[in-house]
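Position one of the sequence shown corresponds to residue -5 (this note's numbering), numbered consecutively onward.
Beta carbons: idealized from backbone N, C-alpha and C, even for Gly.
Every value quoted in this text rests on a predicted model; they were computed, and no experiment measured them.
Beneath this line is the structure, given in structure tokens, with notes to follow.
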Amino acid sequence: MSIDAGRRYEDTACEYLEARGLHCIARNVRYRFGEIDLVMRDEAGMLIFVEVRARRSSRFGGALGSIDAHKRARVQLAARSFLLRYQNRPPRCRFDVVAFEDGRIEWVPNAFDATL
């Protein structure tokens, strides 16, 4: 997938989540060991780290199946670094996925473990 296509999916995911009451506070947060596609905040102040994935079809596991243990670990490491800015009072957080596949969008709240 091209960088432009990835950006379009991230833009669409951000708009989709904002329409459902979340507020975008950061995009494409990069660290040497991982990246967070979107960082959102809900009405209660919870931080939501969002992984955006896109696949043309469900072959080979599809968009959700493409998030393996290695990818989850990299996102969790990046989230841990992001949370350092909150010093000793990090907010509650969770990891969501927005998946694009076969022309559909699927939002999976709490897609993987938020134990940091």
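Does the distance from the C-beta atom of residue i to that of residue j stay below 8 angstroms?
{"i": "Phe106", "j": "Ala72", "result": "no"}
{"i": "Asp90", "j": "Ile42", "result": "yes"}
{"i": "Met40", "j": "Arg74", "result": "no"}
Exposed or buried, which one is residue i when buried takes at least 16 other CB atoms within 10 Å?
{"i": "Gln70", "result": "buried"}
{"i": "Leu11", "result": "buried"}
{"i": "Glu95", "result": "buried"}
{"i": "Ala13", "result": "exposed"}
{"i": "Ala63", "result": "exposed"}
Closer than 6 angstroms by C-beta to residue i: which residues in its own chain qualify, once you throw out the five before and the five after it? Chain order, please.
{"i": "Val46", "result": "Tyr3, Glu4, Ala7, Asp31 and Val92"}
{"i": "Pro84", "result": "Leu77"}
{"i": "Tyr25", "result": "Ala72 and Ser75"}
{"i": "Arg86", "result": "Met40"}
Can you give me the Cβ contacts of residue i inside the same chain, cut-off strictly under 7 angstroms, excluding the 5 residues immediately before and after it?
{"i": "Glu37", "result": "Gly15"}
{"i": "Arg66", "result": "Phe106"}
Assuming residue i contacts residue j (C-beta within less than 8 angstroms), just tell me the rounded distance between them.
{"i": "Arg1", "j": "His17", "result": "The Cβ separation is near 20 angstroms, so there is no contact."}
Near residue i, which residues of its chain fall below 8 angstroms by C-beta distance, leaving aside the five closest residues on each side in sequence?
{"i": "Val23", "result": "Glu29, Ile30, Val33, Ala72 and Phe76"}
{"i": "Asn104", "result": "Arg88, Phe89 and Asp90"}
{"i": "Asp(-2)", "result": "none"}
Whole runs of the alpha helix (DSSP H) within the region -5 to 56, excluding any shorter than 4 residues: -3 to 12
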